[in-house]
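Per this note's numbering, the sequence shown runs over residues 124 to 352.
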Amino acid sequence: MAKRIVVAIDGPAGAGKSTVARRLAGRLGFLYIDSGAMYRAVGLWALRAGIDLADAHRLSQLAAGAAIQLESGSSRVLLNGEDVTEAIRTPEVSQAASRVSTFAGVRQAMVAGQRRMAEQSSVVMEGRDIGSVVFPEAEIKIFLDADPAVRAERRLLENAGKGEPMDRAAVSREMRQRDERDRTRAEAPLVQAPDAVYLDSTSMTIDEVVEAILRLVRERTANGEGIAT
Ligand code: DC
Numbered sequence: 124m125a126k127r128i129v130v131a132i133d134g135p136a137g138a139g140k141s142t143v144a145r146r147l148a149g150r151l152g153f154l155y156i157d158s159g160a161m162y163r164a165v166g167l168w169a170l171r172a173g174i175d176l177a178d179a180h181r182l183s184q185l186a187a188g189a190a191i192q193l194e195s196g197s198s199r200v201l202l203n204g205e206d207v208t209e210a211i212r213t214p215e216v217s218q219a220a221s222r223v224s225t226f227a228g229v230r231q232a233m234v235a236g237q238r239r240m241a242e243q244s245s246v247v248m249e250g251r252d253i254g255s256v257v258f259p260e261a262e263i264k265i266f267l268d269a270d271p272a273v274r275a276e277r278r279l280l281e282n283a284g285k286g287e288p289m290d291r292a293a294v295s296r297e298m299r300q301r302d303e304r305d306r307t308r309a310e311a312p313l314v315q316a317p318d319a320v321y322l323d324s325t326s327m328t329i330d331e332v333v334e335a336i337l338r339l340v341r342e343r344t345a346n347g348e349g350i351a352t
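Structure representation (structure tokens):
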């Protein structure tokens with residue numbers, strides 16, 4: 124029987140995880156899963172519902188009741204049937220996602236959903252705790268990092284490309300705050316799993332990062348033989 128493979132990519136904001144994970148999934152024929160989009164969807168719902176972002180109990184209930192669908196091909200994100208692909212990308216939702224993700228109850232609901240998604244096919248999943256908590260047995264674990272200044276620059280370019288220019292200082296500040304919270308929280312903080320490969324993408328192109336991970340996948344899977352897509 125073909126074996127299902129998990130490629131886990133963790134790292135701070137702006138390290139290039141989404142672009143790399145999406146391309147890698149395309150090359151391998153695996154499902155691409157953006158776990159951060161799930162925390163963003165919960166953050167968005169909490170903001171809209173006016174829930175206090177420090178209320179662990181209500182946020183956990185909300186997360187447990189959220190129907191979140193990630194469409195692999197289109198990368199569309201649906202929350203309770205509504206397309207929230209664009210709505211979850213605002214700086215306000217980034218912060219809300221980081222805040223709601225500190226609570227164990229919220230994380231439990233998201234992790235259960237993430238594990239379910241990987242039951243049917245091989246996946247490339249990116250986030251903060253994929254190699255450390257969600258799939259500690261993942262075949263390939265990458266910790267993707269880059270200089271903070273370069274990460275902020277990439278986020279600026281990304282937003283400018285979408286016609287949403289942002290203030291450089293504000294972007295740097297937002298990323299710093301979020302990374303600090305994500306790294307220091309008690310529940311599943313952003314850490315490099317002991318068996319993860321550290322990749323510093325500061326002076327690498329997207330293609331170079333993708334190729335480096337592909338080489339690793341081939342090495343660890345005997346050239347991809349017997350892998351389920
Ligand atoms: O990857 P992202 O920037 O879209 O994630 C948004 C927030 O969600 C991030 O600041 C922390 C949280 N998150 C998490 O706690 N665990 C994950 N696996 C993915 C994201």
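Where is the CB? At the ideal position from N, CA and C, for every residue including glycine.
The structure displayed is predicted, hence computed values, not measured ones.
Those residues which DSSP pairs with I156 across a bridge: To locate residue 156, count along the sequence shown from 1; it is residue 33. I156 pairs with M248.
I191 vs A164 beta-carbon contact at 9 Å: For the purposes of this step, residue 191 is taken as the residue at position 68 of the sequence shown. For the purposes of this step, residue 164 is taken as the residue at position 41 of the sequence shown. Yes, the Cβ-Cβ distance between I191 and A164 is below 9 Å.
Assigned secondary structure, I174 (DSSP; H/G/I helix, E/B strand, else coil): Here residue 174 corresponds to residue number 51 of the sequence shown, with the count starting at 1. Three-state result, I174: coil.
Same chain only: Cβ atoms within 6 Å of G166, ignoring 5 sequence neighbours per side: Here the question's residue 166 lines up with position 43 in the sequence shown. The answer, listed in chain order, is V216, A219, A220 and V223.
Close-in-space but distant-in-sequence residues of the same chain around R171 (CB under 7 Å, 5 per side omitted): Taking the sequence shown and counting its residues from 1, the one referred to as residue 171 is at position 48. The answer is none, since no qualifying residue turns up.
Within-9 Å CB hit, Q315 to chain C: Included in the structure is just one protein chain, with no chain C present.
For G340: DSSP bridge partner residues: As a position in the sequence shown, residue 340 is number 217, starting the count at 1. Looking at the sequence provided, one finds Val at residue 340 rather than Gly. Per DSSP, none; premise fails for V340.
Contact belief for S255 with V314 at Cβ below 8 Å, rounded distance in angstroms: Taking the sequence shown and counting its residues from 1, the one referred to as residue 255 is at position 132. Taking the sequence shown and counting its residues from 1, the one referred to as residue 314 is at position 191. Contact holds; Cβ gap of about 6 Å.
Assigned secondary structure, K285 (DSSP; H/G/I helix, E/B strand, else coil): Mapped onto the sequence shown, residue 285 falls at position 162. Correct three-state label for K285: coil.
Backbone secondary structure at D290 - three-state DSSP: The residue labelled residue 290 in the question sits at position 167 within the sequence shown. Collapsing the DSSP output to three states places D290 in coil.
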